[in-house]
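Peer 1: This is the structure, below, for whatever I ask next.
There are 2 protein chains.
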Amino acid sequence: MSEATAKQGPDTRARILDAAEALFMTHGFEATSMRMITSQAGVNLAAVNYHFGSKDALIQEVFRRRLTELNRDRLAALEAEEAVVGGAPLKPSKIVAAFFGVSLKMAADTEHGGATFMRLLGRTYTEPNEFVRQFLAEEYAEVVQRFMDALYRALPDVPREEILWRFHFMMGAMSYAIAGTDALKLFAGDFDDEDPTRLMPRLMSFLLGGLRAPLPEEVIESRTIRRDAA
Amino acid sequence: MSEATAKQGPDTRARILDAAEALFMTHGFEATSMRMITSQAGVNLAAVNYHFGSKDALIQEVFRRRLTELNRDRLAALEAEEAVVGGAPLKPSKIVAAFFGVSLKMAADTEHGGATFMRLLGRTYTEPNEFVRQFLAEEYAEVVQRFMDALYRALPDVPREEILWRFHFMMGAMSYAIAGTDALKLFAGDFDDEDPTRLMPRLMSFLLGGLRAPLPEEVIESRTIRRDAA
DNA sequence: GTATGATTCAAACGAACGTTTGAACAGGAT
DNA sequence: ATCCTGTTCAAACGTTCGTTTGAATCATAC
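In order, the protein sequence lines correspond to chains A and B. The opening residue of the first sequence carries number 0 in numbering that gives the first Met the number 0; numbering runs sequentially from there. The opening residue of the second sequence carries number 0 in numbering that gives the first Met the number 0; numbering runs sequentially from there.
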């Protein structure tokens with residue numbers, strides 16, 4: 000059934016990428032073999048090495064294909080908000096909505112495989128594989144820097160280290176919300192469908208609540224002391 | 000060097016478990032071979048199958064050894080708080096502190112491998128491997144139910160589904176905070192050490208801010224409508 | 001029609017995997 | 001001294017892995 004899917008269709012590269020994306024999400028990188036990928040895609044075993052060179056190169060291409068678009072959209076959303084306010088600092092809610100709204104929009108796109116990819120991406124942030132982590136970090140470097148700068152300007156009184164941590168927490172919450180719904184289902188049986196449309200407002204409320212939470216006492220104290228000393 | 004570690008020491012089982020725990024954290028389950036584990040532990044290749052039966056059974060035992068203690072401590076922390084207030088509902092902050100405080104305490108224990116395990120556990124919540132997820136869900140079922148019940152009582156006006164989601168978000172934020180510090184380091188170069196002592200207040204502020212955030216409009220509206228209809 | 005370059009194919013490669021085997025070794029109890 | 005039970009050991013098992021190979025097939029240009 001599954002390997003008979005789209006037996007024709009000339010674009011071998013795209014079929015391999017789609018099959019690999021879905022299988023990586025379901026089984027992980029190591030547990031997904033070339034034979035699983037090629038049979039699911041309906042192509043010859045050697046096709047992956049011919050078109051991509053190696054399994055590692057295929058993994059990279061699976062991510063690059065989507066991340067290029069995703070991060071372009073995120074930057075576009077941020078710049079659109081910045082254009083509205085001119086040179087003034089953005090509201091934190093606008094920055095958070097730009098970053099995570101684009102993410103959730105792709106996660107809601109079940110038509111073109113965006114949902115599959117976002118679930119894969121969510122679990123890949125904690126991927127042990129060194130080269131995958133390295134690659135992800137490179138792909139994200141610019142976008143994260145731009146968003147962090149926007150947050151620094153939006154919250155000039157909050158220590159930068161604190162903003163960094165909270166952005167990290169937000170990334171974690173989002174990734175689990177997208178990638179870990181299975182875990183949640185198992186936590187509680189009385190849990191109905193996972194409509195991504197309703198996920199967006201839920202997550203956004205939570206993230207903004209966390210971002211705007213009062214600073215931990217320890218940080219406030221150490222800052223006060225530091226100010227006194229200066 | 001590493002495989003020469005503790006060449007003596009009679010407790011073969013414990014040495015295997017320690018080696019497996021560390022290697023699973025660094026490389027993942029699939030990428031960690033029996034030969035890596037046994038050579039790191041300084042035992043014979045067949046020792047794993049002799050003492051545990053199979054690689055899958057070893058994985059289970061790695062988790063059970065720690066999770067039993069972790070979840071017992073979490074329940075104890077919750078019951079201690081409940082004892083203080085008698086039969087009255089707990090404050091949400093106390094519930095959250097009981098659950099995540101115990102987690103972070105283990106994550107801060109670098110002496111007995113607790114830190115290693117918590118990082119492993121964090122990435123395992125999104126583990127693709129079906130049997131690992133199933134096992135984790137079983138181990139967690141009781142504890143999560145007890146904490147959810149406490150939260151339901153603490154927040155009687157918040158829809159249960161909403162609490163469930165926010166608990167899920169909180170789990171994600173914590174897991175990334177513990178397991179994904181590498182990703183954060185790569186996000187921003189200017190990031191100093193990861194002192195777990197300071198992580199605790201940071202994370203707790205964020206989690207409570209998210210938990211207590213105003214409900215998304217959509218939820219409030221739908222509840223109002225439902226009330227009107229009823 | 002035939003030459004050319006890109007793609008597909010069946011088959012095989014060596015390496016690494018998890019697991020099994022049967023002998024060797026240990027230490028107490030009889 | 002002998003047996004017994006639990007443990008360790010070197011070696012091998014069959015399977016699957018990612019990759020390579022060289023011929024077959026296709027499309028396009030001459």
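Note that beta-carbon positions come from the ideal geometry of N, C-alpha and C, so glycine has one too. Please read all numbers here as calculations on a predicted model, not as lab measurements.
1) Tell me the rounded alpha-carbon separation between residue 12 of chain A and residue 215 of chain A.
2) Skipping 5 residues on each side, what residues in its chain have a beta carbon closer than 7 Å to that of residue 196 of chain B?
3) Keeping to the same chain, check which residues put their C-beta closer than 7 Å to that of residue 229 of chain A; ignore five residues upstream and five downstream.
4) How about residue 101 of chain A and residue 72 of chain A: do their beta carbons lie closer than 7 Å?
5) When you compare the CB positions of residue 115 of chain B and residue 21 of chain B, do they come within less than 7 Å of one another, or not?
6) Please report how far the alpha carbon of residue 227 of chain B lies from the alpha carbon of residue 142 of chain B, in whole angstroms.
7) Using a Cβ cut-off of 9 Å, which residues of the stretch 144 to 166 of chain B contact any Cβ in chain A, in chain order?
8) Measure from the C-beta of residue 112 of chain B to each C-beta in chain A and report whether the shortest distance is under 7 Å.
9) In three-state DSSP terms, what is residue 61 of chain B?
10) Spatial neighbours of residue 176 of chain A within its chain, please: CB distance less than 7 Å, with the 5 preceding and 5 following residues excluded, ordered by chain position.
11) Are residue 47 of chain A and residue 15 of chain A close, meaning C-beta to C-beta below 7 Å?
12) Tell me which residues share the same chain as residue 145 of chain B and place their Cβ nearer than 7 Å to its Cβ, disregarding the 5 neighbours each side in the sequence.
13) Looking only at its chain, what residues have a beta carbon closer than 7 Å to the beta carbon of residue 92 of chain B, apart from the 5 residues adjacent to it on each side?
14) Can you pull the chain A residues whose beta carbon is under 7 Å from the beta carbon of residue 91 of chain B, in chain order?
15) Taking 7 Å as the CB-CB cut-off, is residue 53 of chain A touching chain B?
16) Ignore the nearest five residues each way along the sequence and tell me which others in residue 103 of chain B's own chain have a CB closer than 6 Å to its CB.
17) DSSP three-state call for residue 20 of chain A: helix, strand or coil?
18) Counting only runs of 4+ residues fully inside the stretch 91 to 145 of chain A, write out the alpha helix (DSSP H) ranges in chain order.
19) In terms of alpha-carbon separation, which member of A:156, A:138, A:151 and A:90 lies closest to residue 213 of chain A?
20) Do residue 120 of chain B and residue 24 of chain B have their beta-carbon atoms positioned less than 7 Å apart in this structure?
21) Which residues in chain B sit within 8 Å of residue 216 of chain A, going by Cβ to Cβ distance?
22) Hey, is residue 225 of chain B's beta-carbon within less than 7 Å of any beta-carbon in chain A?
23) Alpha carbon to alpha carbon, how far is residue 0 of chain A from residue 83 of chain A?
24) Residue 51 of chain A to residue 43 of chain A, Cα distance in whole Å?
25) Measure the alpha-carbon distance for residue 87 of chain A versus residue 128 of chain A and round it to whole angstroms.
26) Does the Cβ-Cβ distance between residue 18 of chain A and residue 36 of chain A come in under 7 Å?
27) Assuming residue 70 of chain A and residue 126 of chain A make a contact with CB atoms under 8 Å, what is their CB distance in whole Å?
28) Out of A:210, A:28 and A:64, which has the shortest C-alpha to C-alpha gap to residue 162 of chain A?
29) Would you tell me roughly how many angstroms separate the C-alpha atoms of residue 169 of chain A and residue 105 of chain B, rounded to the nearest one?
30) Distance, Cα to Cα, residue 150 of chain B vs residue 134 of chain B?
31) What does residue 203 of chain A reach in chain B if we use C-beta pairs closer than 8 Å?
Peer 2: On the basis of the coordinates in this document:
1) 50 Å
2) 107
3) In this prediction, residue 229 of chain A has a pLDDT of 38, which is less than 50 and means its spatial position is unreliable; what the coordinates show is noted afterwards. No residues qualify anywhere along the chain.
4) In contact: residue 101 of chain A and residue 72 of chain A (Cβ atoms closer than 7 Å).
5) For residue 115 of chain B and residue 21 of chain B, yes; Cβs fall inside 7 Å.
6) Its pLDDT being 48, under 50, residue 227 of chain B is placed unreliably by the model, and nothing is read from it.
7) 144, 147, 159, 160, 161, 163, 164, 165 and 166
8) no
9) helix
10) 198 and 202
11) Closer than 7 Å, so yes.
12) Closer than 7 Å at Cβ, skipping near neighbours: 74 and 77.
13) Residues of the same chain with a CB within less than 7 Å of the CB of residue 92 of chain B, apart from the 5 flanking positions on each side, are 207 in chain order.
14) Neighbours of residue 91 of chain B on chain A: none; closest Cβ ~12 Å, over 7 Å.
15) no
16) 199
17) helix
18) 91 to 107 and 113 to 123
19) Proximity to residue 213 of chain A across A:156, A:138, A:151 and A:90 peaks at A:156, based on C-alpha coordinates.
20) no
21) Think of a sphere of 8 Å around the beta carbon of residue 216 of chain A: the chain B residues whose beta carbon falls inside it are 200, in chain order.
22) Low local confidence applies: a pLDDT of 47 at residue 225 of chain B is under 50, so the model's placement there is unreliable, with the coordinate-based value given in what follows. For residue 225 of chain B, the answer is no, since every Cβ of chain A falls outside 7 Å of its Cβ.
23) With a pLDDT of only 36 at residue 0 of chain A, under 50, the local geometry of the prediction cannot be trusted, and no value is derived from it.
24) 13 Å
25) 41 Å
26) Taking the C-beta atoms as reference points, residue 36 of chain A is found nearer than 7 Å to residue 18 of chain A.
27) Their Cβ separation, rounded to whole angstroms, is 18 Å, which puts residue 70 of chain A and residue 126 of chain A out of contact at 8 Å.
28) A:210
29) If I take the Cα positions, the gap works out to 22 Å.
30) 25 Å
31) What residue 203 of chain A touches in chain B: 215.
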